[in-house]
Amino acid sequence: MTAFNPADFRRHFPALADAGVYLDSAATTLKPTAVIEATQQFYSHGAGTVHRSQFAAARALTDKYEQARERVARLLNAPLAHNIVWTRGTTEAINLVAQGYFRPRLQPGDEILVSEAEHHANLVPWLMVAAQTGAKVVKWPLGKDLLPENAALPSLLSSRTKVLALGQMSNVTGGCPDIAHAIALAHRAGAKVMIDGAQGVVHEPADVQQLDIDFYAFSAHKLYGPMGIGALYGKTSLLAEMQPWQGGGKMLTSVSFDGFSPQPVPWRFEAGTPNVAGVIGLSAALGWLDDVDLPAAESWSRGLADLAEERLSLLPGFRSYRASRSSLLSFDIAGAHHSDVVTLLAESGIALRAGQHCAQPLIQALGVSGTLRASFAPYNTLNDVEALVKGMTTALELLGD
Ligand code: PMP
């Protein structure tokens, strides 16, 4: 594929045959054949594990595993493959940073600035490390445009602020804050920045050098890859100062009852037998994505969300919680409970998500008990939008009866 063609793109996703109208790609994307085949190939023909054995199959596997790290480094424009640490996903990456980098450094009186738009994965690890160290989690509130309010940021940052935790894209509103601006201000105050790229990476992988990002996390499963694997990017100097969080096999060079010497970065952060199939699947996803015109694909799915918003806005009581023109549309209907609506939509074969989306503070700030969320991907079609509108109309008629 050189230019984007939605019909061609769909052919790569066998699950579309069974998934019905799949509008839940923000939860997890469907997987292309390239990823399925690479994973199957690993389990069918692979032998051994990585970084442990001398036989040829295991050595070949280790090469593939480390080449995948280089691929992720290229995706994010990281200076070195060694800036990439394998994790189970975004959640584990943020916990690793909170515990490995910040826990030994935070003191009572220090502040952790967290935007009100964050997923629980970029809030709870900070609440935990705050409770462990006596530091305080400070809220960067949402503004009227449903993005963390830019005007409030300078007065929230001070020499007490040790870290700013910010999402590249909200999983509820689709809002994409100006992370370059926030990073510059945070750095001026002397704070480090943790960017949660879980939602953003599939739309526009961050250039970590250009944006001067300290830590960046993402999950493969939201980028057409397997579940249970993700990555943390960290600046070389910061990873060098970060302490291993989990101990075990292969994260050390020597150990006795008096202590251990850790491996170099990044292996010191990867204790135990890793998710080799996951790494290989992620690498296949990135290889496959090399041939996709991402901006064109993005513009297709964004156009579908625009159309859905336009069509659904004709329904009485429709309210949109869409912050930016993204491929994600959160909405509700005044007087209809989101969980009733989503149940009726599910009966019509339409898969979307309803509720609080693991972002309770944001939902509270929106002043609702939850929303419906239709998240579009480049494999969705105009027919999917029509099905959603029809399903919503029928659901509201049934609820009105
Ligand atoms: N942050 C955001 C914005 C997310 O949408 C998600 C997944 N819903 C996460 C973090 C956590 O990702 P994972 O569950 O893959 O660790």
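Going by the numbering used here, the sequence shown opens with residue 1, and the numbers climb by one from there.
Glycine is no exception: its CB is placed at the ideal position from the N, C-alpha and C atoms.
All of these numbers come straight from a predicted model, not from anything done at the bench.
>> Less than 6 Å separating the Cβ of Asn-171 from some heavy atom of the ligand PMP?
In response: Numbered from 1 along the sequence shown, position 171 holds the residue referred to as residue 171. Checking the Cβ of Asn-171 against the ligand PMP gives yes.
>> Per DSSP, what are the beta-bridge partners of Ser-193 in this structure?
In response: Position 193 of the sequence shown, counting from 1, holds the residue named residue 193. Correcting the residue identity first, residue 193 is Val in this sequence and not Ser. In DSSP, Val-193 forms a bridge with Leu-164.
>> Suppose the cutoff is 6 Å on Cβ atoms and the five residues either side in sequence are ignored; what does the same chain contact list for Asn-171 look like?
In response: As a first step, residue 171 must be located in the sequence shown, where it is residue number 171. Once the five neighbours on either side are set aside, the close Cβ partners of Asn-171 are Ala-26, His-119, Gln-199, His-357.
>> My output table needs one value for Glu-310: the three-state DSSP class, helix, strand or coil.
In response: As a first step, residue 310 must be located in the sequence shown, where it is residue number 310. Helix, per DSSP.
> If Ala-305 sits next to Val-265, beta carbons under 8 Å apart, how far is it from one beta carbon to the other, in whole angstroms?
Replying inline: Reading the sequence shown from its first residue, position 305 is the one you call residue 305. Reading the sequence shown from its first residue, position 265 is the one you call residue 265. 40 Å between Cβ atoms; not a contact.
> Between Val-50 and Ser-155, what straight-line distance do the alpha-carbon atoms span, to the nearest angstrom?
Replying inline: To locate residue 50, count along the sequence shown from 1; it is residue 50. To locate residue 155, count along the sequence shown from 1; it is residue 155. Going by the C-alpha atoms only, they are around 49 Å apart.
>> Can you tell me whether Asp-8 is buried or exposed? The criterion is at least 16 other CB atoms within 10 Å of its CB, across all chains shown.
In response: To locate residue 8, count along the sequence shown from 1; it is residue 8. Exposed.
> Secondary structure at Val-389, three-state DSSP: helix, strand or coil?
Replying inline: For the purposes of this step, residue 389 is identified with residue 389 of the sequence shown, where counting begins at 1. Of the three classes helix, strand and coil, the one that applies to Val-389 here is helix, per DSSP.
> Just the Cα atoms here: how many angstroms apart are Ser-301 and Pro-6?
Replying inline: As a working note, residue 301 is residue 301 in the sequence shown. As a working note, residue 6 is residue 6 in the sequence shown. Distance between the alpha carbons of Ser-301 and Pro-6: 9 Å.
> Are the beta-carbon atoms of Leu-30 and Tyr-233 separated by less than 7 Å?
Replying inline: Your numbering for residue 30 matches position 30 in the sequence shown. Your numbering for residue 233 matches position 233 in the sequence shown. No, the pair does not count as a contact, with Cβ atoms beyond the cut-off.
> Which of the three DSSP states, helix, strand or coil, is assigned to Gly-259?
Replying inline: Taking the first residue of the sequence shown as 1, we reach residue 259 at position 259. Strand at Gly-259.
> Out of curiosity, what's the CA-to-CA distance linking Lys-390 and Leu-352?
Replying inline: For the purposes of this step, residue 390 is taken as the residue at position 390 of the sequence shown. For the purposes of this step, residue 352 is taken as the residue at position 352 of the sequence shown. The straight-line gap from Cα to Cα measures roughly 14 Å.
>> Can you list, in chain order, the residues of its chain with a C-beta nearer than 8 Å to that of Pro-262? Leave out the 5 residues immediately preceding and following it.
In response: Along the sequence shown, one-based indexing puts residue 262 at 262. Excluding residues within five positions, the ones whose Cβ falls inside 8 Å are Pro-244, Met-251, Leu-252, Thr-253, Arg-268.
> Any idea which residues DSSP pairs Tyr-43 with across the strands?
Replying inline: The residue you call residue 43 lines up with position 43 of the sequence shown. Per DSSP, none; premise fails for Tyr-43.
> If you draw a straight line from the C-alpha of Glu-70 to the C-alpha of Leu-282, how long is it?
Replying inline: Within the sequence shown, numbered from 1, the residue matching residue 70 stands at position 70. Within the sequence shown, numbered from 1, the residue matching residue 282 stands at position 282. Their backbone Cα atoms lie some 12 Å apart in a straight line.
> Does the distance from the C-beta atom of Ala-296 to that of Ile-84 stay below 7 Å?
Replying inline: Counting from 1 along the sequence shown, the entry for residue 296 is found at position 296. Counting from 1 along the sequence shown, the entry for residue 84 is found at position 84. Not closer than 7 Å, so no.
>> Here's the rule I'm using: 16 or more other beta-carbon atoms within 10 Å means buried, otherwise exposed. How should Tyr-379 be labelled?
In response: Within the sequence shown, numbered from 1, the residue matching residue 379 stands at position 379. Burial call: buried.
> Does the separation of the CB atoms of Ala-308 and Leu-329 fall below 7 Å?
Replying inline: Mapped onto the sequence shown, residue 308 falls at position 308. Mapped onto the sequence shown, residue 329 falls at position 329. Their beta carbons are under 7 Å apart, which means Ala-308 touches Leu-329 by this criterion.
>> Checking 7 Å against the spacing of the C-beta atoms, do Thr-28 and His-338 come in under that value?
In response: On the sequence shown, position 28 is the one that residue 28 refers to. On the sequence shown, position 338 is the one that residue 338 refers to. Against a cut-off of 7 Å, the Cβ pair of His-338 and Thr-28 comes out as no contact.
> Looking at the structure shown, is Trp-245 part of a helix, part of a strand, or coil, going by DSSP?
Replying inline: On the sequence shown, position 245 is the one that residue 245 refers to. In this structure, Trp-245 counts as coil in the three-state DSSP scheme.
> Should Leu-382 go down as buried or exposed, given a rule of 16 or more other Cβ atoms within 10 Å for buried?
Replying inline: On the sequence shown, residue 382 is found 382 positions in, with the first residue counted as 1. The Cβ neighbour count for Leu-382, taken over all protein chains shown within 10 Å, is under 16; the residue is labelled exposed.
>> Looking only at its chain, what residues have a beta carbon closer than 7 Å to the beta carbon of Gly-349, apart from the 5 residues adjacent to it on each side?
In response: Residue 349 sits at position 349 when you count from the first residue of the sequence shown. For Gly-349, where only same-chain residues beyond five positions count, the Cβ hits under 7 Å are Gly-20, Val-21.
> Cβ of Ala-271 versus every heavy atom of the ligand PMP: is any distance shorter than 6 Å?
Replying inline: Reading the sequence shown from its first residue, position 271 is the one you call residue 271. Not so, every heavy atom of the ligand PMP lies at least 6 Å from the Cβ.
> Under three-state DSSP, which class holds Leu-315?
Replying inline: Walking along the sequence shown from the start, residue 315 turns up at place 315. Here Leu-315 sits in coil by DSSP.
> Between the Cα of Val-193 and the Cα atoms of Cys-176, Lys-162, Gln-209, which residue gives the shortest distance?
Replying inline: As a working note, residue 193 is residue 193 in the sequence shown. It is Lys-162 whose Cα lies nearest to the Cα of Val-193.
> Helix, strand or coil: which one does DSSP assign to Asp-384?
Replying inline: Translated into positions along the sequence shown, residue 384 becomes position 384. Of the three classes helix, strand and coil, the one that applies to Asp-384 here is helix, per DSSP.
> If we ignore side chains and look at the alpha-carbon of each, how far apart do Gly-225 and Val-202 end up?
Replying inline: Counted from its first residue, the sequence shown places residue 225 at position 225. Counted from its first residue, the sequence shown places residue 202 at position 202. If you take the alpha carbons of Gly-225 and Val-202, they lie about 11 Å apart.
>> Less than 7 Å between the C-beta atoms of Leu-164 and Ala-135, yes or no?
In response: Taking the first residue of the sequence shown as 1, we reach residue 164 at position 164. Taking the first residue of the sequence shown as 1, we reach residue 135 at position 135. It is not a contact, given that the beta carbons lie outside the stated cut-off.
>> Residues in the same chain with beta-carbon distance under 6 Å from Met-227, minus the five sequence neighbours each way, listed in chain order, please.
In response: Taking the sequence shown and counting its residues from 1, one reaches residue 227 at position 227. His-221, listed in sequence order.
>> Can you tell me whether Ser-327 sits near the ligand PMP, meaning its C-beta is under 6 Å from at least one heavy atom of the ligand?
In response: Indexing the sequence shown from 1 puts residue 327 at position 327. No, the ligand PMP has no heavy atom inside 6 Å of this Cβ.
> Since Val-276 sits in a beta bridge, which residues does DSSP pair it with?
Replying inline: Working through the sequence shown from its first residue, we reach residue 276 at position 276. Beta-bridge pairing links Val-276 to no other residue.
> Looking at Leu-147 and Pro-177, is the spacing between their C-beta atoms short of 7 Å?
Replying inline: Within the sequence shown, the letter at position 177 stands for residue 177. Within the sequence shown, the letter at position 147 stands for residue 147. Yes, the pair counts as a contact, with Cβ atoms nearer than the cut-off.
> Since Leu-61 contacts Val-276 with CB under 8 Å, what's their CB separation in whole angstroms?
Replying inline: The count along the sequence shown starts at 1 and reaches residue 61 at position 61. The count along the sequence shown starts at 1 and reaches residue 276 at position 276. The C-beta distance from Leu-61 to Val-276 rounds to 6 Å, short enough to meet the 8 Å contact threshold.
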